[in-house]
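S.K.: This is the structure I have questions about; it appears just below.
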Amino acid sequence: MAEALLSVRGIHTYYGDSYVLQGLSLEQRAGTIVAILGRNGMGKTTLIRSVAGLTPPREGEIHFKGASLRGRPPYAIAQSGIALVPQGRRIFRSLSVRENLLLPTSGLARPGKGRWNLRAVLDEFPQLEERIAHMGGSLSGGEQQMLAVGRALMSNPDLILMDEPSEGLAPKLVKHVGEIMKSMRDHGHAVLLVEQNFALAMSVADYIYVVSAGRFVFEGTPQQLEREPEILDQHLGVARAH
Amino acid sequence: MLTSAILQAINGVSLAALLFLLASGFTLSFGLMRVVNMAHGAYYLLGGYIGLSVAQKTGSFALAIVAGGAAIAVLGYFIDHFLIRRTGENHLAQVLLTVGVAFVLGDVALAIWGGDNLMVPAPKFLKGSVVLPGDVYYPMYRLVMIFFGVFVGVVLWLLYKKTQIGAVVRAGVDDREQVNATGINVDLLFVMVSALASFLAGMAGVVGGAFLTLYPGAEWEILVYALVVVIVGGLGSLGGAMIGALVVGLLDAYGRWLLPEFSYFVLFGPIALLMLFRPRGLFGKEH
Chain F
836 MAEALLSVRG IHTYYGDSYV LQGLSLEQRA GTIVAILGRN GMGKTTLIRS
886 VAGLTPPREG EIHFKGASLR GRPPYAIAQS GIALVPQGRR IFRSLSVREN
936 LLLPTSGLAR PGKGRWNLRA VLDEFPQLEE RIAHMGGSLS GGEQQMLAVG
986 RALMSNPDLI LMDEPSEGLA PKLVKHVGEI MKSMRDHGHA VLLVEQNFAL
1036 AMSVADYIYV VSAGRFVFEG TPQQLEREPE ILDQHLGVAR AH
Chain E
2 MLTSAILQAI NGVSLAALLF LLASGFTLSF GLMRVVNMAH GAYYLLGGYI
52 GLSVAQKTGS FALAIVAGGA AIAVLGYFID HFLIRRTGEN HLAQVLLTVG
102 VAFVLGDVAL AIWGGDNLMV PAPKFLKGSV VLPGDVYYPM YRLVMIFFGV
152 FVGVVLWLLY KKTQIGAVVR AGVDDREQVN ATGINVDLLF VMVSALASFL
202 AGMAGVVGGA FLTLYPGAEW EILVYALVVV IVGGLGSLGG AMIGALVVGL
252 LDAYGRWLLP EFSYFVLFGP IALLMLFRPR GLFGKEH
């Protein structure tokens, strides 16, 4: 098997005093979409935050491109090629769309080299070009999501972490988000997706992990997951209804 | 009467220019780093004294301004890095710590420069009066200071609104964590903004020391005014600091002129009312 791009080995992460991730391991190869499914409060966001270095694990190791991320601050992890599309988008409200997009390319950020620059991102998301001078805070939910993805792309990352990108979006936009992720994969970016939206995850992911109470209770392809009615009912029951 | 009113308006605006120099740094460092630094007044006084010594040694006022600012930028870095950093986000601890730092700095200044009123010597061409339209005589220095305040304000505004580093700072005010996750070393950014804030405070001390004079206790007087400026304008807002400085400068000037017995009330009364109805200030964001 090829060397994994991202390798999470037995991490235990606490959020404040609560013991959230209780020994998670996962592997992701370059250019693939891996989805983490699970109900609310099961540790999905904490997993993303552990990888990004925002809530570092107390135990266990995370390796990215063969190097350990232990002890590295979030900005150094980002500079090594991991971009975050956070839950709730977290667009910089008092920056224009252009400034939001250019932020990861500022001299302080040491962006990676690659195909993405302002022109390429605006070609990918023409709607953003129409709003280029608007403030981030004035965008609609769908536009903010595009901006958040565009901002992540600007650093030409190897891996994009996406935390609940479908949250608060109309069904049509959710579909669009799925297409965006597939297009990212076609461009060679790996996507680590955390979702409650079952249909979205199933339609884009190459490999799926199901998390429950801080542990993985399933891993396999979407086809394998379809054949596990117990997992589906017990750990995703409510979420499937979406 | 009319002449006096005009005179007081210019007085108010020139005080506003000085207060803006001090308050702009204070408000930026609070907006970005959530640090309440009560030593800002002491930075002002110490910067003024250092500028005074440099001006006496070299005879150059410009050099005094730069030296006062630079010395405080360095001092501010060490206080930030070794002391304030340890308080995290605990504002009460920050206030106690920085008030303590201010007392220490004040005492050090007293030991070096003594307790007399000292005046930073302004250059010759800034001494004397100008005749304004309407036969109003006004000190040249205070008039030039208004232009200096406006100049610094414009430079800061352009830096903040039009440059990439300014955009990074604004993003940091919005959402520090996400800036960090975008690959930007927020700590390094903090050091830069904090150095700028300290520089502005030290520079303000030299500029202010040439007309308000320097003396023990001046640090607390100016700090109260600067605090009012940032609270009126809204913590973290550069535009707010400009407007706040004008409000405070004008209220102070007219208060001293029209109701000298109640001049503090004229200043703080309206501000107490503002706080009742708009606690985050004129331009502050909700946190």
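One line per chain: the protein sequences are F and E, in this order. Number 1043 in this note's numbering belongs to position 208 of the first sequence; there are no gaps in the numbering. Number 232 in this note's numbering belongs to position 231 of the second sequence; there are no gaps in the numbering. A virtual CB, placed ideally from N, CA and C, is assigned to each residue, including glycine. On a predicted model such as this, the values are computed, not experimentally measured, just so you know.
(1) At the 9 Å Cβ level, is E178 of chain E part of the contact set with chain F, yes or no?
(2) Less than 9 Å between CB atoms is the rule here; does V231 of chain E satisfy it with respect to chain F?
(3) What's the gap between the Cα of P891 of chain F and the Cα of G245 of chain E?
(4) Quick one: using the 10 Å Cβ neighbour count with 16 as the cut-off for buried, is M204 of chain E buried or exposed?
(5) Please work out which residues of its chain come closer than 7 Å, Cβ to Cβ, to A887 of chain F, disregarding the five sequence neighbours upstream and downstream, and give them in chain order.
(6) Look at the alpha carbon of A65 of chain E and the alpha carbon of G210 of chain E, and state the distance between them as a whole number of angstroms.
(7) Is it right to say Q1069 of chain F is buried, meaning 16 or more other beta carbons lie within 10 angstroms of its own, or is it exposed?
(8) Check whether chain E comes within 9 Å of H1077 of chain F, counting only Cβ atoms and requiring the distance to be less than that.
(9) Just the Cα atoms here: how many angstroms apart are G290 of chain E and R87 of chain E?
(10) For Y161 of chain E, which three-state DSSP category applies?
(11) My assumption, with CB atoms under 8 Å, is that L889 of chain F sits in contact with I926 of chain F. Please give the rounded CB distance.
(12) I need the straight-line Cα distance from A196 of chain E to L76 of chain E, nearest angstrom please.
(13) By the three-class DSSP mapping on this structure, what secondary structure does D117 of chain E have?
(14) Go to V36 of chain E, then tell me how far its alpha helix (DSSP H) extends in each direction, as first and last residue.
(15) Helix or strand or just coil, what does DSSP make of T1056 of chain F?
(16) Using 10 angstroms around the beta-carbon of N1 of chain E, count the other beta-carbons present and answer buried if the total reaches 16, otherwise exposed.
(17) Under 8 Å Cβ-Cβ, which residues of chain F neighbour R281 of chain E?
(18) Give me the Cβ distance between Q979 of chain F and R924 of chain F, rounded to the nearest whole Å; I'm assuming they're in contact under 8 Å.
(19) How about N181 of chain E: is its C-beta nearer than 9 Å to some C-beta of chain F?
(20) So which residues of chain E does Q914 of chain F contact, with C-beta pairs closer than 7 Å?
(21) Whole alpha helix (DSSP H) runs in the segment 131-162 of chain E with 4 or more residues, listed along the chain?
(22) How do the segment 228-238 of chain E and the segment 142-154 of chain E stand: do at least 3 beta-carbon pairs fall below 8 Å, yes or no?
(23) In chain order, which alpha helix (DSSP H) runs of at least 4 residues are fully inside the segment 887-922 of chain F?
(24) Around the Cβ of Q1031 of chain F, are there at least 16 other Cβ atoms within 10 angstroms (buried) or fewer (exposed)?
(25) Label M836 of chain F either buried or exposed according to how many other C-beta atoms from any shown protein chain fall within 10 Å of its C-beta, with 16 as the threshold for buried.
(26) Does the Cβ-Cβ distance between Q863 of chain F and L841 of chain F come in under 9 Å?
(27) Quick check: is the beta carbon of L157 of chain E nearer than 9 Å to any beta carbon in chain F?
(28) Measure the alpha-carbon distance for G49 of chain E versus G60 of chain E and round it to whole angstroms.
(29) Between I244 of chain E and chain F, is the shortest Cβ-Cβ distance under 9 Å, so that the two count as touching?
(30) Could you check if T183 of chain E is buried or exposed, using at least 16 other CB atoms within 10 Å of its CB as the buried criterion?
(31) Is there contact here, the segment 148-163 of chain E with the segment 110-128 of chain E, by at least three beta-carbon pairs under 8 Å?
(32) For I223 of chain E and G42 of chain E, which I take to be in contact (beta-carbon distance under 8 Å), what is that distance rounded to the nearest angstrom?
(33) In whole angstroms, what separates the C-alpha of Y850 of chain F from that of S885 of chain F?
(34) For G32 of chain E, which residues in the same chain have their Cβ closer than 6 Å to its Cβ, ignoring the five residues on either side in sequence?
(35) Between the segment 928-945 of chain F and chain E, which residues of the former have CB atoms less than 7 Å from a CB of the latter, in chain order?
(36) For a contact meaning CB atoms closer than 7 Å, what does L919 of chain F contact in chain E?
M.R.: Let's see:
(1) yes
(2) No, no contact with chain F.
(3) Taking the CA atoms as reference points, P891 of chain F sits about 42 Å from G245 of chain E.
(4) buried
(5) P909, I912, I917, L919 and L996
(6) So the two alpha carbons sit approximately 11 Å from each other.
(7) Label assigned to Q1069 of chain F: exposed.
(8) With a pLDDT of only 45 at H1077 of chain F, under 50, the local geometry of the prediction cannot be trusted, and no value is derived from it.
(9) This structure leaves residue 290 of chain E out entirely; chain E is present only between 2 and 288.
(10) Of the three classes helix, strand and coil, the one that applies to Y161 of chain E here is helix, per DSSP.
(11) 17 Å between Cβ atoms; not a contact.
(12) Distance between the alpha carbons of A196 of chain E and L76 of chain E is about 9 Å.
(13) D117 of chain E: coil per DSSP, three-state reduction.
(14) No alpha helix (DSSP H) contains V36 of chain E, which DSSP labels as neither H nor E.
(15) coil
(16) Residue 1 of chain E lies beyond the range of chain E shown here (2 to 288); nothing can be said about it.
(17) Correct list: empty, because the minimum Cβ distance to chain F is about 15 Å.
(18) 4 Å
(19) yes
(20) Chain E residues near Q914 of chain F: G184.
(21) none
(22) Output reads no: the segment 142-154 of chain E does not touch the segment 228-238 of chain E.
(23) DSSP runs (the alpha helix (DSSP H)) wholly in the segment 887-922 of chain F: 909-914.
(24) buried
(25) Caution is warranted here: a pLDDT of 46 is assigned to M836 of chain F, below 50, making its placement in the model unreliable, and the coordinate value is therefore given only provisionally. Under this definition M836 of chain F is an exposed residue.
(26) yes
(27) no
(28) 15 Å
(29) no
(30) buried
(31) no
(32) Rounded, the Cβ-Cβ distance is 5 Å, consistent with contact.
(33) Cα to Cα, Y850 of chain F sits roughly 10 Å from S885 of chain F.
(34) Setting aside the 5 residues that flank it on each side, G32 of chain E is surrounded in the same chain by V174 and G237, each with a C-beta closer than 6 Å to its C-beta; the list follows chain order.
(35) Legend: CB atoms of the segment 928-945 of chain F lying less than 7 Å from CB atoms of chain E belong to residues R928, S929, L930, E934, L937, L938, P939, S941, L943, A944 and R945.
(36) A182
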